[in-house]
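Asks:
In my numbering, the protein residues as written are 790 to 929.
1. Using a beta-carbon distance below 8 Å, is residue 794 in contact with chain B?
2. Which one or two residues does DSSP pair with residue 867 in a beta bridge?
3. Can you tell me whether residue 927 is buried or exposed? The criterion is at least 16 other CB atoms within 10 Å of its CB, across all chains shown.
4. Opposite residue 857 in the DSSP bridges: which residues?
5. What did DSSP end up calling residue 810 once you bin it into helix, strand or coil?
6. Do residue 794 and residue 828 have their C-beta atoms closer together than 8 Å?
7. By the DSSP assignment, the alpha helix (DSSP H) with residue 917 in it spans what residues?
8. Run through DSSP, which three-state label would residue 852 get?
9. Taking only the alpha-carbon atoms, compute the straight-line gap between residue 908 and residue 874 and give it to the nearest angstrom.
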């Protein structure tokens, strides 16, 4: 693989660097919809929705990362995903994420429509999506 065909990816959360390395592609959900990034993509700066971002590494592995929003920046074959929260799918405890989602859902159904509760729900949903994608990957 030629140097110009590789992305250098850095996923950073507020508390740590979640993942870094070389990749063939990155897929994430922005406020405008899903975006797929390949080498030599035009520069982009976009707002991320809570999602399970996917990174296809140069060695053929698929890294799935739960993020609760933030930004994606693409320039000169470098991709940066910056989020308040980020976890690799294998770090997510499904039972805990389900409990968190259900707690936030219950609060929202009881009329709590605060930003904190909506963010809590979106983060738990992103964690579950990441864990489910990782389970699907292992099954195939």
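Glycine residues also receive a C-beta, built at the ideal position from the N, C-alpha and C atoms.
Replies: Quick answer:
1. The structure shown contains no chain B, having only a single protein chain.
2. By one-based count along the chain shown, residue 867 stands at place 78. Looking at the DSSP assignment, residue 867 forms a beta bridge with 797 and 864.
3. For the purposes of this step, residue 927 is taken as the residue at position 138 of the chain shown. Classification for residue 927: exposed.
4. For the purposes of this step, residue 857 is identified with residue 68 of the chain shown, where counting begins at 1. In the DSSP output, where bridge partners are listed per residue, residue 857 has 839.
5. The residue you call residue 810 lines up with position 21 of the chain shown. The answer is strand: DSSP assigns residue 810 an E or B state.
6. Indexing the chain shown from 1 puts residue 794 at position 5. Indexing the chain shown from 1 puts residue 828 at position 39. In this structure, residue 828 lies closer than 8 Å to residue 794 by Cβ.
7. Residue mapping note: residue 917 aligns to position 128 of the chain shown, counting from 1. Looking at the DSSP string, the run of the alpha helix (DSSP H) that includes residue 917 is 904-928.
8. In the chain shown, counting from the first residue as 1, residue 852 sits at position 63. Strand at residue 852.
9. As a working mapping, residue 908 is identified with position 119 in the chain shown. As a working mapping, residue 874 is identified with position 85 in the chain shown. Rounded to the nearest whole angstrom, the CA to CA distance from residue 908 to residue 874 is 11 Å.
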